[in-house]
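One structure is given below, encoded as structure tokens.
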Amino acid sequence: MDTFAALALATDPASPALLDRKPDKKTAPLFTVDMYKQIFGQSAYQTIITLIFHFLGPTILGFHHENDSDLQSKHDKIVQTLVFNIFVFAQVFNSINSRRLDRKLNIFEGITRNYYFMAITLIEVAGQILIVFVGGAAFQVTHIGGREWGISIALGFVSIPLGAALRFIPNEPVERFFIKIRLMPNPEVLPTIRPNGEWNSAIELVRDNLGTFAHVRGARMRASSYVGKSRKAKRSSSVSQPVSLPSIMTMVPTLVASSIGAGWAPQSPSGLSDPAHFDPSKSSAALWEGKIQIHPDTDHNDPVYKKWGPYSKPDRKS
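Reading the sequence shown from the start, the letters are residues 1 to 318 in my numbering.
Below, the structure is given as structure tokens:
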């Protein structure tokens with residue numbers, strides 16, 4: 001019910017309604033308030049019913065053994081099997097409830113399209129029935145009657161309406177309580193400076209991102225800047241080893257790829273005719289010369305094309 005339930009939930013197909021959901025912040029916690037409500041609510045319910053039937057099971061079921069040790073042992077096994085059964089069916093129905101992590105009540109939306117979920121759920125139920133009837137001493141269970149099966153399924157089904165009730169609980173007071181007990185971070189608190197006096201993590205993150213974007217041009221990584229940094233770096237104090245010919249040959253594809261990625265050309269232009277400095281854009285020289293470039297797919301009968309043409313100088317007066 002753990003491994004199979006994880007597989008069942010992981011196979012749920014995506015729906016177009018997910019596109020309407022707002023994106024989460026990068027600093028958002030992994031567990032949301034809705035998830036915490038379900039975790040604590042369902043766990044508390046399963047713990048309570050398990051302990052009640054574990055300690056008060058014979059009384060609830062009306063077992064009277066009257067100092068008969070064999071009958072008492074049989075009744076204890078029935079109670080243990082019932083407790084085990086209740087817990088398993090509560091988990092099975094809670095897996096259906098866990099298909100939604102928001103506050104919407106329709107937990108069966110799209111379930112008929114997920115054949116894996118339905119098949120795995122049936123395997124879980126069939127496996128539990130097989131354990132009870134065949135498990136015997138291996139699982140320390142025994143055969144139970146229809147009354148015990150009905151109690152197990154009914155108490156397990158309570159997980160679904162309980163999940164709906166937990167969704168009706170407002171998130172704001174629950175979130176304030178979780179923040180107060182430090183179960184969730186306070187989103188209104190800004191990052192603090194580290195004790196060693198370095199930049200805080202937020203500024204460092206922005207600095208790293210800007211440093212990365214500074215080396216990107218035209219969706220290509222400018223390798224020349226990294227090459228320059230590597231040349232300026234201090235040489236290692238260790239003794240350098242001679243480089244063999246095979247190792248040099250293995251570096252040739254990397255050097256060629258990095259040169260092409262950096263915009264290298266056999267006959268590179270120089271001077272002011274290439275103001276972008278090896279920028280792959282074809283319009284850089286035209287823009288420097290004050291020309292206007294029309295898109296090549298523009299219709300020749302278009303007034304813009306007739307007035308400006310593929311390359312023409314703009315009218316300074318206009």
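Where a beta carbon is used, it is the ideal one built from N, C-alpha and C, also for glycine.
Per-residue burial, residue i [other beta carbons within 10 Å of its own, 16 or more giving buried]
i, result
"Lys-307", "exposed"
"Phe-139", "exposed"
"Ser-273", "Note that Ser-273 scores 48 on pLDDT, short of 50, meaning its location in the model is unreliable; the coordinates nonetheless yield the value given after this. So Ser-273 ends up on the exposed side."
"His-295", "exposed"
"Arg-167", "buried"
"Phe-133", "exposed"
"Ile-60", "exposed"
"Asp-299", "exposed"
"Asp-183", "For clarity, residue 183 is Leu in the given sequence; the question names Asp instead. Exposed."
"Gly-57", "buried"
"Lys-37", "buried"
"Leu-162", "buried"
"Thr-142", "buried"
"Phe-53", "buried"
"Ser-152", "buried"
"Ile-181", "exposed"
"Ile-144", "buried"
"Ser-268", "For Ser-268, the pLDDT reaches just 46, beneath the cut-off of 50, and the residue's location in the model is therefore unreliable, although a value from the coordinates is still provided. Its Cβ having fewer than 16 others within 10 Å, Ser-268 is exposed."
"Pro-266", "In this predicted model, Pro-266 has a pLDDT of only 49, less than 50, meaning its place in the structure is not dependable; the value taken from the coordinates is given anyway. By the 10 Å Cβ count, Pro-266 comes out exposed."
"Ser-237", "Note on Ser-237: pLDDT 48, under 50, position unreliable in the model; no value is reported."
Range of the contiguous alpha helix (DSSP H) that encloses residue i
i, result
"Gly-127", "115 to 130"
"His-295", "Per DSSP, His-295 belongs to no alpha helix (DSSP H) and is neither H nor E."
"Thr-3", "3 to 10"
"Thr-50", "33 to 61"
"Phe-112", "Residue 112 is actually Thr in this sequence, not Phe. Looking at the DSSP string, Thr-112 is not in any alpha helix (DSSP H), and its letter there is neither H nor E."
"Thr-27", "Premise fails: Thr-27 is in no alpha helix (DSSP H) and is neither H nor E."
"Asp-302", "Where Asp-302 is concerned, there is no enclosing alpha helix (DSSP H), given that its DSSP letter is neither H nor E."
"Gly-146", "146 to 157"
"Arg-176", "171 to 180"
"Asp-76", "69 to 97"
Expected contact under 8 Å - CB spacing of residue i and residue j to nearest Å
i, j, result
"Ile-78", "Glu-148", "7 Å"
"Phe-178", "Val-33", "7 Å"
"Ala-164", "Leu-105", "5 Å"
"Phe-108", "Ala-8", "No, Phe-108 and Ala-8 are not in contact; Cβ-Cβ is about 14 Å, not under 8 Å."
"Ile-120", "Phe-4", "5 Å"
"Arg-103", "Asp-12", "In fact, because the Cβ distance is near 18 Å, the residues do not count as touching under 8 Å."
Chain D within 8 Å of residue i, Cβ atoms only
i, result
"Ala-44", "In summary, chain D is missing from the structure at hand, where a single protein chain is found."
Any non-hydrogen atom of the ligand COA closer than 7 Å to residue i Cβ
i, result
"Val-158", "Annotation note on the ligand COA: not contained in the displayed structure, which lists no ligands."
Review point. Contact between the segment 105 to 112 and the segment 42 to 53: three or more CB pairs below 8 Å?
Key: Segment contact: the segment 105 to 112 against the segment 42 to 53, fewer than three CB-CB distances shorter than 8 Å; contact not assigned.
Review point. Contact between the segment 25 to 39 and the segment 76 to 90: three or more CB pairs below 8 Å?
Key: Output reads no: the segment 76 to 90 does not touch the segment 25 to 39.
Check your understanding: Quick check: the segment 146 to 161 against the segment 88 to 95, are there 3 or more CB pairs under 8 Å?
Key -> Under the three-pair Cβ rule at 8 Å, the segment 146 to 161 counts as touching the segment 88 to 95.
Practice item. Indicate whether the contact test is met: 3 or more Cβ pairs, each with one atom in the segment 59 to 71 and one in the segment 94 to 111, closer than 8 Å. Key: Touching, no, given that fewer than three Cβ pairs across the two stretches are closer than 8 Å.
Review point. Is the segment 123 to 131 touching the segment 172 to 188, taking contact as three or more C-beta pairs under 8 Å?
Key: Taking 8 Å as the limit for Cβ pairs, the verdict is that the segment 172 to 188 does not touch the segment 123 to 131.
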